[in-house]
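Here's the structure we're looking at; comments come further down.
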Amino acid sequence: MDSSVQLITEELYLSNKATDPLELAVLAGSMLILLGDENTIAPKLAAILSGRSSPVSGRVLIGEQQLDVMSHSARTLTAYVSADFSCPGGLTVSGYLELAAAAAGFSRKDSKDTLSQLYNWCSLTDYTDIPVENLSADLRFFTGFAAACLPVPRVMILQGPFPVDLHPLLEDLCDSDCAVVASVPGLEYVPQSSQRIALCSKNSVTHIIRFQELADACSSLMRVKVLFFPALPRSVMESLKGARDIMAVEGGYQFNHSNLSAAVTNLANLARANSRQIAGLEIRSPSSEELMDFFSEDEDTGEADLFCGEDLDI
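With positions in the sequence shown counted from 1, the corresponding number in our numbering is that position plus 87.
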């Protein structure tokens with residue numbers, strides 16, 4: 088196995104309905120996003136890649152020695168943070184992380200210095216004496232994440248959604264050559280620094296795409312709904328530059344546009360020129376099904392090589 092590859096699958100079948108094995112590799116210093124809600128394979132795949140759940144068949148291998156992620160010896164190489172992280176009642180943030188540091192083999196002296204840095208990095212300094220159960224959901228996640236970084240693993244696997252303030256920390260992990268895999272339920276949770284996004288259906292991964300490919304697809308598939316007061320004739324609406332697939336709805340129209348900022352600007356100008364008010368404006372991101380259909384139109388899309396060093400700047 089290539090020394091830069093931290094995680095790789097071997098004849099991995101995720102469900103009894105899968106017709107082909109999942110071929111997946113995650114490089115050191117890269118971030119892979121599993122995009123799909125709880126009705127897709129994404130959360131289960133995250134658990135399988137972390138060794139917390141078993142596939143139908145096949146294996147997940149980690150590190151240069153190609154250890155089976157389910158083996159005891161591989162446990163120290165991966166870390167897993169659940170979306171519903173919790174710890175024993177009554178433990179404060181400092182109490183829980185001190186226990187986590189001791190369990191990870193840190194001496195009392197080393198753990199003091201390490202935890203001080205960790206509190207600062209994870210923005211937990213002001214909350215160390217507060218019971219974890221009394222924290223907000225975001226701070227509880229940060230606490231679980233901090234524990235998972237004792238020490239920083241070869242592969243960090245997270246179940247989202249998680250706070251957007253965590254994104255820079257995930258980027259820091261990648262900068263230290265840790266591989267990051269995160270399952271998220273929607274586009275709004277995808278970190279900008281992710282290199283690959285796996286589109287997940289109910290039983291499989293249908294496509295693996297680059298971040299820019301996802302951004303371009305979202306721009307193309309973004310649906311805008313606008314309401315006018317008083318009503319605007321369709322003939323006028325059809326003059327909106329760049330609008331595609333215009334559909335009349337109660338009080339206004341829905342349409343696609345490849346440039347969201349231009350669409351909003353042109354809508355404001357159109358309303359002003361026709362003595363109308365914009366009574367409502369809604370932007371709808373494409374659904375997972377729409378994204379999968381979009382990339383299915385190109386047979387080559389989704390074959391992006393996760394070993395490609397040029398794309399990942401390695």
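Virtual Cβ for every residue (Gly too), placed ideally from N, Cα, C.
For residue i, three-class secondary structure by DSSP
i    : result
R139 : coil
A366 : strand
R359 : helix
Q204 : helix
A335 : strand
D171 : coil
A304 : helix
Q153 : coil
V239 : coil
E125 : coil
L109 : strand
L164 : helix
L114 : strand
L94  : strand
A330 : coil
A318 : coil
S210 : coil
Local Cβ density within 10 Å of residue i, reported as buried at 16 or more and exposed below that
i    : result
A112 : buried
E384 : exposed
C395 : Since pLDDT at C395 reaches only 41, below the 50 mark, its modelled position is unreliable, and the value read off the structure follows with that caveat. Looking at its Cβ environment, which holds fewer than 16 other Cβ atoms inside 10 Å, C395 is exposed.
K131 : buried
I370 : exposed
H159 : exposed
A304 : buried
L101 : buried
T165 : buried
P373 : buried
T212 : exposed
G123 : buried
R321 : exposed
Rounded Cβ spacing between residue i and residue j (contact assumed at less than 8 angstroms)
i    : j    : result
N356 : L319 : Their Cβ separation, rounded to whole angstroms, is 13 angstroms, which puts N356 and L319 out of contact at 8 angstroms.
L148 : I95  : 5 angstroms
V313 : L368 : 5 angstroms
L257 : P278 : 6 angstroms
I244 : L136 : 6 angstroms
M157 : C261 : That belief does not hold up - the Cβ atoms of M157 and C261 are roughly 25 angstroms apart, past 8 angstroms.
A191 : P142 : Their Cβ separation, rounded to whole angstroms, is 28 angstroms, which puts A191 and P142 out of contact at 8 angstroms.
F280 : H254 : In the sequence as presented, Phe is not what sits at residue 280; that position holds Ser. Indeed they touch by this definition, with Cβ atoms about 7 angstroms apart.
Y167 : R139 : 6 angstroms
I128 : S348 : Wrong, their Cβ atoms sit about 35 angstroms apart, outside the cutoff.
Continuous alpha helix (DSSP H) stretch holding residue i: start and end
i    : result
M324 : R321 to M324
Q279 : Here Q279 belongs to no alpha helix (DSSP H), and DSSP marks it neither H nor E.
Q246 : Careful: Q246 lies outside any alpha helix (DSSP H), inside the beta strand (DSSP E) at V242 to Q246.
D259 : H254 to D262
V46  : Any answer about residue 46 is impossible in this case: the structure gives the chain only from 88 up to 401.
E376 : S375 to S383
Beta-bridge partners of residue i, as assigned by DSSP
i    : result
Y100 : S144
K312 : Q341 and E369
I296 : I284
S270 : L121 and Q246
L347 : According to DSSP, which records beta bridges pairwise, L347 is partnered with nothing at all.
P218 : T179
Segment limits, beta strand (DSSP E) that includes residue i
i    : result
F229 : Careful: F229 lies outside any beta strand (DSSP E), inside the alpha helix (DSSP H) at A224 to A235.
M118 : M118 to L122
S291 : Segment: none, S291 is in no beta strand (DSSP E) and carries neither H nor E.
S158 : No beta strand (DSSP E) contains S158, which DSSP labels as neither H nor E.
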